[in-house]
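Student: Chains as they are written, first to last, in full-length UniProt numbering: chain A, 1 to 248; chain B, 1 to 248.
Here you go, one structure.
Protein chains: 2
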Amino acid sequence: MAQAIRLHQVSPLKASCHQCSLSNLCLPLAVEENELDRLEDIVQQGRIFNRGEHIFDQSTPFRSCFAVKSGAIKTSIISENGEEQVTGFFMPGELVGLDSMGSKHYACTARALERTSVCEFPIDRLEELTVKLPDLQHHMYHLMSQEIQGSHQLAMLLSKNTAEERIAALLLSLSSRFQRRRLSGTNFSLPMARNDIANFLGLAVETVSRVFTRFQNQGIISARGREVELLDVEALQTVTREFSRQNI
Amino acid sequence: MAQAIRLHQVSPLKASCHQCSLSNLCLPLAVEENELDRLEDIVQQGRIFNRGEHIFDQSTPFRSCFAVKSGAIKTSIISENGEEQVTGFFMPGELVGLDSMGSKHYACTARALERTSVCEFPIDRLEELTVKLPDLQHHMYHLMSQEIQGSHQLAMLLSKNTAEERIAALLLSLSSRFQRRRLSGTNFSLPMARNDIANFLGLAVETVSRVFTRFQNQGIISARGREVELLDVEALQTVTREFSRQNI
DNA sequence: ATCCATTATTGATTCATGTCAAAACCGTAC
DNA sequence: GTACGGTTTTGACATGAATCAATAATGGAT
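Here is the structure:
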């Protein structure tokens, strides 16, 4: 969309980070205005993926990281036995593929949860650029460490928290990510199915469903399918901390 | 130890990556022989920590990454409520602190599980060096992505696998890490207490204990305190895959 | 508008693991 | 050697969430 209204269109394949509404969240965030061209030089204008289409597949050669421009992506790993584990959800402005950095092959599979457009950063060119722009390198380190931390938080959630706490935490996480994009943090539509939520949080679908209805009965949220309204954010925050209270 | 036999000792504070027996596992792995001096220039000769001592603390300013030279380290995060989650165990040759890269503060707390010596890499100097040595930068990306992947694997273990499967997986992981150092992969002593294992794997101590005895009764392992012998590695590998078998 | 496949909800039952409680073991200090 | 604090083990019991099973709702395709 932001692309459609570009004025100084040089090449149809070149993305314009300058004009992108997500530049304050995405990689441009770490690049000086006058260096931004160098980032634009390596970005490949985003393809569009329909729901369910693969952006990349586990074990295929690692070529690029992808920034979500619109839509949403889920990543998952498949173990030898074929069991799937959803490892993350990626919203606009977020970078997918960091878990494969420095590797020969993708460490996970990424698919579009809805109609999704992405910007592609070929990895060899990106690595070249990060040696030239120390701030960008620093930012890459930062993003990767964030992903490690997020993953540790997830591990904590999985090993210590109840179904209600996990779901409350996810709702709050999504809420704050919508807010960063200046969208409503209390009224949004979930990009993923109950199944994905369940898988991500280490629960059975039935449990997710039950918790949703329990939250609704308590007046904490209101949900109709994927449309969710957080009626009582404080209550949700309390749920995520409840566990602690009982255990101090 | 490797330090004690250095011949060309310039400064007593300077480490010698050249002579270190772990150079094939640690950062030197990614640096050309003739560039190794530049890495040595920034390394600070390792302090020694006794069991239980903190190498660094969560939320204090992030200054350095640490390579384990001998001993072992555990990292953990403490949630607002004071609940601890062990996020990793680090053995000689492994790098601690990657989850804080690009951040202002340490994302976790690191403590010595036994008497431990470390090499310290001040982060500002390390970042400077990685823009000069693209191979080193690439390796840092690789290490960080490995940590993301490991954390995803942990999440999978926590959300999909039984107590037995989790413990079998941990034993096999430790085994292979001992083997990389040319030590016995079947006969080693656990650097961590049952409690740490339980916490890391999202189990109760009692459960860990029970699984250990169950494995012993089945003749898969033999354990006396922290001394462990893997009697039947194949059986352990089967345990980690069992889950799948039942579910295909 | 209708049909079919997929997804979501609800209920009944089971089971792995947590919790509580107590005993056994271990290493360290005196 | 003995005594102590902290681990580790073992047992009995409770429970949260999985599983099994069925029904309801949704949304895309015709």
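No residue lacks a Cβ here, since even glycine has one placed at the ideal position from N, Cα and C.
1) Does any residue of chain A have a CB that is nearer than 8 angstroms to the CB of B:Thr238?
2) List in chain order: all unbroken alpha helix (DSSP H) runs of 4+ residues lying wholly within the region 94 to 147 of chain B.
3) If you count every other CB in all the chains shown that lies within 10 Å of the CB of B:Ala4, and 16 or more means buried, which is it?
4) Which residues in chain A have a C-beta closer than 8 angstroms to the C-beta of residue 253 of chain B? List them in chain order.
5) Please name the residue, chosen from A:Glu33, A:Leu126, A:Val86 and A:Thr207, that lies closest to B:Gln149 on a Cα-to-Cα basis.
6) Is it the case that the Cβ atoms of A:His152 and B:Asp99 are separated by a distance below 8 angstroms?
7) Would A:Glu164 pass as an interface residue toward chain B - the criterion being a Cβ-Cβ separation below 8 angstroms?
8) I'd like to know whether the C-beta of residue 317 of chain B is nearer than 8 angstroms to at least one C-beta of chain A.
9) By the 7 angstroms beta-carbon criterion, what residues does the region 140 to 152 of chain A contribute toward chain B?
10) Mind checking the region 74 to 107 of chain A against chain B and listing, in chain order, the residues whose C-beta falls within less than 8 angstroms of any C-beta there?
11) Can you tell me whether A:Pro61 is buried or exposed? The criterion is at least 16 other CB atoms within 10 Å of its CB, across all chains shown.
12) B:Ala107: buried (16+ other C-beta within 10 angstroms of its C-beta) or exposed?
13) Hey, B:Phe90 and B:Ile78: beta-carbon distance below 8 angstroms or not?
14) Only counting the same chain, and skipping five residues up and downstream in sequence, which positions put a Cβ closer than 6 angstroms to that of B:Val233?
15) To the nearest angstrom, report how far apart B:Met192 and B:Ile221 are at their CA atoms.
16) What does DSSP give as the partner residues of A:Phe212 in its beta bridges?
17) Would the C-beta of A:Ala155 count as close to the ligand HEM, meaning under 7 angstroms from any of its heavy atoms?
18) Cβ closer than 7 angstroms: which chain A residues qualify as neighbours of B:Met156?
19) For the alpha helix (DSSP H) that contains residue 314 of chain B, what are its first and last residues?
20) Taking the CB atoms as reference points, tell me whether A:Thr240 and A:Leu172 lie closer together than 8 angstroms.
21) With a cut-off of 8 angstroms on the beta carbons, I'd call A:Cys65 and A:Gly97 a contact; round off their distance for me.
22) From the DSSP output, in three-state form, read off A:Thr60 for me.
Tutor: The relevant details are as follows:
1) Mapped onto the second sequence, residue 238 of chain B falls at position 238. Not one chain A Cβ lies under 8 angstroms of B:Thr238.
2) 123 to 132
3) The sequence position of residue 4 of chain B within the second sequence is 4, counting from 1. Residue placement at B:Ala4 is flagged as unreliable, the pLDDT there being 48, under the threshold of 50; the coordinate-derived value follows with that caveat. With fewer than 16 Cβ atoms within 10 Å of its Cβ, B:Ala4 is classed as exposed.
4) Shown here, chain B extends from 1 to 248; a query on residue 253 of chain B therefore has no answer.
5) On the second sequence, residue 149 of chain B is found 149 positions in, with the first residue counted as 1. Of the candidates A:Glu33, A:Leu126, A:Val86 and A:Thr207, the one whose C-alpha sits nearest the C-alpha of B:Gln149 is A:Val86.
6) Working through the first sequence from its first residue, we reach residue 152 of chain A at position 152. Working through the second sequence from its first residue, we reach residue 99 of chain B at position 99. Cβ distance < 8 angstroms, so A:His152 and B:Asp99 count as in contact.
7) Within the first sequence, the letter at position 164 stands for residue 164 of chain A. It does not; no Cβ of chain B falls within 8 angstroms.
8) In the structure as shown, chain B starts at 1 and stops at 248, and residue 317 of chain B therefore has no counterpart that could be examined.
9) Tyr141, His142, Met144, Ser145, Glu147, Ile148, Gln149, Ser151 and His152
10) Ile77, Ser79, Glu80, Asn81, Gly82, Glu83, Gln85, Thr87, Leu98, Asp99, Ser100, Met101, Gly102, Ser103 and Ala107
11) Residue numbering aside, residue 61 of chain A sits at position 61 when the first sequence is read from its first letter. Classification of A:Pro61: exposed, given that the 10 Å Cβ count is below 16.
12) As a working note, residue 107 of chain B is residue 107 in the second sequence. So B:Ala107 ends up on the buried side.
13) The residue you call residue 90 of chain B lines up with position 90 of the second sequence. The residue you call residue 78 of chain B lines up with position 78 of the second sequence. Contact: no.
14) On the second sequence, residue 233 of chain B is found 233 positions in, with the first residue counted as 1. Correct list: empty, nothing qualifies.
15) Along the second sequence, one-based indexing puts residue 192 of chain B at 192. Along the second sequence, one-based indexing puts residue 221 of chain B at 221. Going by the C-alpha atoms only, they are around 17 angstroms apart.
16) Start at 1 with the first residue of the first sequence, and residue 212 of chain A comes out as number 212. Beta-bridge pairing links A:Phe212 to no other residue.
17) Ligands in the displayed structure: none, and consequently the ligand HEM is not present.
18) Along the second sequence, one-based indexing puts residue 156 of chain B at 156. Ordered by position in chain A, the residues that pass the 7 angstroms Cβ test against B:Met156 are Ile77, Ser79 and Gln85.
19) Outside the shown range of chain B (1 to 248) lies residue 314 of chain B, about which nothing can therefore be said.
20) Start at 1 with the first residue of the first sequence, and residue 240 of chain A comes out as number 240. Start at 1 with the first residue of the first sequence, and residue 172 of chain A comes out as number 172. Yes. Within cutoff.
21) Counting from one through the first sequence, the residue named residue 65 of chain A turns up at place 65. Counting from one through the first sequence, the residue named residue 97 of chain A turns up at place 97. Rounded to the nearest angstrom, the Cβ distance from A:Cys65 to A:Gly97 is 4 angstroms, consistent with a contact under 8 angstroms.
22) Taking the first sequence and counting its residues from 1, one reaches residue 60 of chain A at position 60. The answer is coil: DSSP assigns A:Thr60 none of H, G, I, E or B.
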